[in-house]
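*Asks:* The opening position of the sequence shown corresponds to residue 3 in the working numbering, with each subsequent residue numbered one higher.
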Amino acid sequence: MTDIRLQNPYSDEIIKVKEDYGHILNMLEWLERGNIDYLHLQQIEPTETIITISPKNFAKIDFYEIEEVK
């Protein structure tokens, strides 16, 4: 799981997604190469839904790896 903080001049939101940090890093590399136009993720908090994030629409996006407690 990964926490994502989405920021632009109109909002500041933190969401939790099912994808792990490594997978998101791969998606960002694909985005940089032009293979994809947006991130397609499974949000689990604050609501459970499928989301798409277009990095072009945000001033800043932070990704935080969540360490699972065993």
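Cβ coordinates follow ideal geometry from the N, Cα and C atoms, glycine included.
From the DSSP output, in three-state form, read off Tyr66 for me.
*Replies:* Residue mapping note: residue 66 aligns to position 64 of the sequence shown, counting from 1. In this structure, Tyr66 counts as strand in the three-state DSSP scheme.
*Asks:* Taking the beta carbon of Leu27 as the centre, do at least 16 other beta carbons fall within 10 Å, making it buried, or is it exposed?
*Replies:* Working through the sequence shown from its first residue, we reach residue 27 at position 25. Per the 10 Å Cβ criterion, exposed.
*Asks:* So the candidates are Asn10, Lys18 and His42; which of them puts its Cα closest to the Cα of Asn59?
*Replies:* The residue given as residue 59 occupies position 57 in the sequence shown. Of the candidates Asn10, Lys18 and His42, the one whose C-alpha sits nearest the C-alpha of Asn59 is Asn10.
*Asks:* Does Asn28 come out as helix, strand or coil in the three-state DSSP assignment?
*Replies:* Counted from its first residue, the sequence shown places residue 28 at position 26. Correct three-state label for Asn28: helix.
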